[in-house]
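What follows is a short report on a single structure.
Number of protein chains: 2
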Amino acid sequence: MTELKTGGQHGYLRIATEEAFMPEEAIDLYAEVLDGPDPDPGFVSLWGFYLRSTDERSRFIRESLIDLGARRLADMDARGIDRQIIALTAPGTQILRTDKAVALARLANDQLGEACLAHPDRFTGMAACAPQDGAEAAKEIERAVHKYGMRAVIINSHINGEYLDNPKFYPVLEAAEALDIPIYIHPNTPSRDMIRPMLDVGLDGAIFGFGVETGMHALRLITTGTIDRFPKLQIIIGHMGEALPYWMYRLDYMHRAGVKAGRYEAMKPLKKEKISDYLRENYTITNSGMAWEAAIKFAQENLGIDRVMYAMDYPYQCPAEEVAALDAMHMSAADKKKFFQTNAERVFKLDGQGAG
Amino acid sequence: MTELKTGGQHGYLRIATEEAFMPEEAIDLYAEVLDGPDPDPGFVSLWGFYLRSTDERSRFIRESLIDLGARRLADMDARGIDRQIIALTAPGTQILRTDKAVALARLANDQLGEACLAHPDRFTGMAACAPQDGAEAAKEIERAVHKYGMRAVIINSHINGEYLDNPKFYPVLEAAEALDIPIYIHPNTPSRDMIRPMLDVGLDGAIFGFGVETGMHALRLITTGTIDRFPKLQIIIGHMGEALPYWMYRLDYMHRAGVKAGRYEAMKPLKKEKISDYLRENYTITNSGMAWEAAIKFAQENLGIDRVMYAMDYPYQCPAEEVAALDAMHMSAADKKKFFQTNAERVFKLDGQGAG
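Going down the list, the protein sequences come from chains X and H.
In this text, residue positions in the first sequence follow my numbering: the first is 851, and each later residue adds one.
In this text, residue positions in the second sequence follow my numbering: the first is 851, and each later residue adds one.
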């Protein structure tokens, strides 16, 4: 087992690609939503818990999320993480009223951007935006890319129960395509139209609901023809692809059958032959939350060795043992380097950020 | 590639374990529900389509479902299927008013039971029931087992938005445990509390919603402590385990974290250490809808070689090419025989039915 040191002496840099932060100011904004009328039930479940719980895990998460300096760097050093690709944590701006969402996106980008400029060898940012206002979101993404060198857009899944395939969000997709940066669709709790049976038994969060919500979001972009409309779009999804790689055979079969039978107005023939073609050509996945060799290899073999990247999911899930277990995977040195380092360098265009 | 002949000359019998039928009488019952007030939206999507569509696939499915004789046997012969394990198709009784549900369960068991008695070397039945009336359901399961030798119970996932962990359905679980037969949880469209975002874009059916609904149902039985209450219960789920095997690492991690933090009233410590312990000891999966070597091997390796069975999903998905592809899997003869034959013989206790 390699030691958990940064610097790549063991053959690769460890670039963690789905790492979270939030401005301290978001805490008050979130508290306001929680105390407001009819708050989103998934948000109440997630942030009602993390903001107010006194258990050790919640405290650690709160304190780590708002740090973009010494504490985060020390945690990275202790776990052998050379670089974090950092994004505004879920639900980010997307639970807020539009004006507040726009302001939080700007604030988040300024805080994260300054930290990235201060630690260019350790941090890379993803641009936050308020998709509730598409035109404004596109401008903010452009600002974050040009001013701070951000290398992706973070979308924390549904936007008040709507998805990126809705034309109102096309400006976000256009901006990502024009700037040639990927969109990371990060989980959120399912919307109020979908959450009830999961919420009733505590399955709405990372244990199950996150994957349902985010897998569906990623799949909608394909089946609705949205990727056909923005064919250069590159999407990243975590948690081993939110199970979509495991479902590929059935997705292909049932999409073909559904289209042929003309069952749904909303499901038309696509430009590419199969759903899995889109997954292999427009999607990259990370192993956030799944430090599991078997699933990683399954995805590498079936999605493509260039399509699977390392992620830690800091601070939600960051035991050093998981890094050690992944170091110890039975995998060629070349493939392991792709997983931990070079796929991320290519997808996020990290040349010149000291990570190459 | 072996020829698609029955009889096992190629080294194993092909026992297809998730095969569907329905009494012709159900068509009128379903039409009545579709024409009634405020029908379940998933039912409208599924059976509103299959009952009324004139496309080739729908016609084939309707005609094949109601046949328990020459047509079905010919289809089995053409595809090299030695035995079908047959169940009342989704949503079966579960969409009906209780009195009609009770009557349909009895009718379905009589029709299927007679067919099994007429073709003991080709057909094995699963018992239908109307879980809406737990006590009556338990009696009907017992009748079907004793009168017709049925070897499992079919539950077509949610029962008007409720799940088998609800104590009102305990009589069904008690009956299965007492009779020492497994419960097959077959997909249904998600309930009205969950379906909307999937339905809007045609993802509510087999392409995605089925897996969400059924995976959640199977998982609830574990996390709510229901399997702890009925520890001898054996559950079967199709479609490569509705993605739960692929999620095992995250299920274990996040269940442990959630229980430790005391986040949910409904999520308490369980008797076994991990969610995956339950999956490996109380669940068996089938590959219905997923004639895909990669996923089958992943499940065999991670769930257990004894825990993965062959299924065709007749008549919904039954191309002969899929049988041929599975015959050609790179797998030891012993493992292939477990997959196609002996796991099913053990799980359904087929000794003495001419399948051994």
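Note that the Cβ used here is the ideal one computed from N, Cα and C, for glycine as well.
Please read all numbers here as calculations on a predicted model, not as lab measurements.
Whose C-alpha, out of the options, is nearest the C-alpha of residue i?
i, options, result
"H/P1169", "H/R1196, H/G1139, H/R947", "H/G1139"
"X/T1136", "X/M1117, X/R1042, X/I1085", "X/I1085"
"H/R1042", "H/R864, H/D1054, H/A965, H/G857", "H/D1054"
"H/I1035", "H/G858, H/A953, H/N1132", "H/N1132"
"X/K1110", "H/R933, H/D1030, H/S908", "H/S908"
"X/M1117", "X/E868, X/Y900, X/T1076", "X/T1076"
"H/K1188", "H/E1172, H/H1180, H/M1159", "H/M1159"
"X/T939", "X/I991, X/I877, X/L1094", "X/I877"
"X/E1123", "X/R1157, X/E1143, X/T1073, X/A1144", "X/T1073"
"X/E981", "X/G858, X/P941, X/Y862", "The question names Glu, yet the displayed sequence has Pro at residue 981 of chain X. Measuring from the Cα of X/P981, the nearest candidate turns out to be X/P941."
"X/P1037", "X/G1011, X/E1027, X/F1019", "X/G1011"
"H/R1001", "H/D983, H/E1027, H/K1018", "H/E1027"
"X/G1091", "X/A1068, X/V1051, X/F1080", "X/A1068"
"X/I1033", "X/F1060, X/L946, X/F1080, X/H1180", "X/F1080"
"H/H969", "H/D949, H/R933, H/A988", "H/R933"
"H/L1083", "H/T1192, H/A1141, H/D1102, H/L1029", "H/L1029"
"X/V883", "X/R947, X/D1078, X/V1197, X/T1192", "X/R947"
"H/D1156", "H/W1142, H/A1184, H/A1141", "H/A1184"
Within the continuous alpha helix (DSSP H) that includes residue i, where are the two ends?
i, result
"X/E906", "906 to 915"
"X/Y1133", "No alpha helix (DSSP H) contains X/Y1133, which is instead part of the beta strand (DSSP E) from 1133 to 1136."
"X/Y1166", "Taken as a continuous stretch (DSSP letters only), X/Y1166 belongs to no alpha helix (DSSP H), as it is neither H nor E."
"X/S1182", "Careful: X/S1182 lies outside any alpha helix (DSSP H) and carries neither H nor E."
"X/R1106", "1094 to 1111"
"X/M1048", "1046 to 1049"
"X/W897", "891 to 902"
"H/L1290", "Limits of chain H in this structure are 851 at one end and 1206 at the other, which puts residue 1290 of chain H out of reach."
"H/T856", "Here H/T856 belongs to no alpha helix (DSSP H), and DSSP marks it neither H nor E."
"H/R1079", "1076 to 1079"
"H/Q1150", "1143 to 1153"
"X/G984", "984 to 998"
"X/G1065", "1059 to 1073"
"H/R1196", "1193 to 1197"
Checking the sheet assignment: what are the DSSP bridge partners for residue i?
i, result
"X/R933", "X/I865"
"H/E1012", "H/I1009"
"X/F871", "X/L938"
"H/V1003", "H/A977, H/I1033"
"H/V1158", "H/I1135"
To the nearest angstrom, how far is the alpha carbon of residue i from that of residue j?
i, j, result
"H/E951", "H/A985", "Here residue 951 of chain H is Ala; the residue named in the question, Glu, does not match the sequence. Their Cα atoms are separated by approximately 13 Å."
"H/K831", "H/L967", "Outside the shown range of chain H, which is 851 to 1206, sits residue 831 of chain H, and nothing can be said about it."
"H/G919", "X/A937", "60 Å"
"H/H860", "H/A977", "31 Å"
"H/M1048", "X/L954", "30 Å"
"X/T1039", "X/Y880", "15 Å"
"X/R1046", "H/K1147", "34 Å"
"X/E1063", "H/G886", "31 Å"
"H/A958", "H/N1006", "14 Å"
"H/G963", "H/I1004", "14 Å"
"H/I1031", "H/K1186", "24 Å"
"X/A1144", "H/G1088", "21 Å"
"H/K1199", "H/D925", "25 Å"
"H/N1016", "X/E1024", "47 Å"
"H/G1206", "H/I911", "In this prediction, H/G1206 scores a pLDDT of 34, lower than 50, which makes its location untrustworthy; the coordinate-derived value is nonetheless stated afterwards. Whole-angstrom Cα-Cα distance: 30 Å."
"X/L1153", "X/D1127", "9 Å"
"X/E874", "X/I916", "6 Å"
"X/M1107", "H/H1105", "Before going further, note that residue 1107 of chain X is Ala rather than Met in the sequence given. Distance between the alpha carbons of X/A1107 and H/H1105 is about 36 Å."
"X/V894", "X/D1050", "13 Å"
"X/R993", "X/D1201", "20 Å"
"X/D971", "X/R921", "16 Å"
"X/G857", "H/Q1150", "38 Å"
"X/L896", "X/E913", "16 Å"
"H/G1052", "X/Y1114", "6 Å"
"H/T974", "H/I991", "15 Å"
"H/G1204", "H/E869", "At H/G1204 the pLDDT is 43, less than 50, meaning the model places this residue with poor confidence and gives no usable figure here."
"H/P1021", "X/I1057", "29 Å"
"H/H1225", "X/E853", "As displayed, chain H neither begins before 851 nor continues past 1206, which places residue 1225 of chain H out of reach and without an answer."
Quick check on the DSSP output: the beta strand (DSSP E) that includes residue i runs from which residue to which?
i, result
"X/T974", "973 to 975"
"X/Y1034", "1033 to 1035"
"X/I1085", "1085 to 1087"
Subject >> Three-pair Cβ contact test at 8 Å for the stretch 1171 to 1179 of chain X versus the stretch 878 to 896 of chain H >> reply: no
Subject >> Validate contact between the stretch 1163 to 1172 of chain X and the stretch 918 to 929 of chain X using beta carbons, cut 8 Å, 3 pairs >> reply: yes
**OP:** Count the C-beta pairs between the stretch 1087 to 1102 of chain X and the stretch 1094 to 1101 of chain H that are closer than 8 Å, then say yes if the count reaches three, no if not.
**Re:** yes
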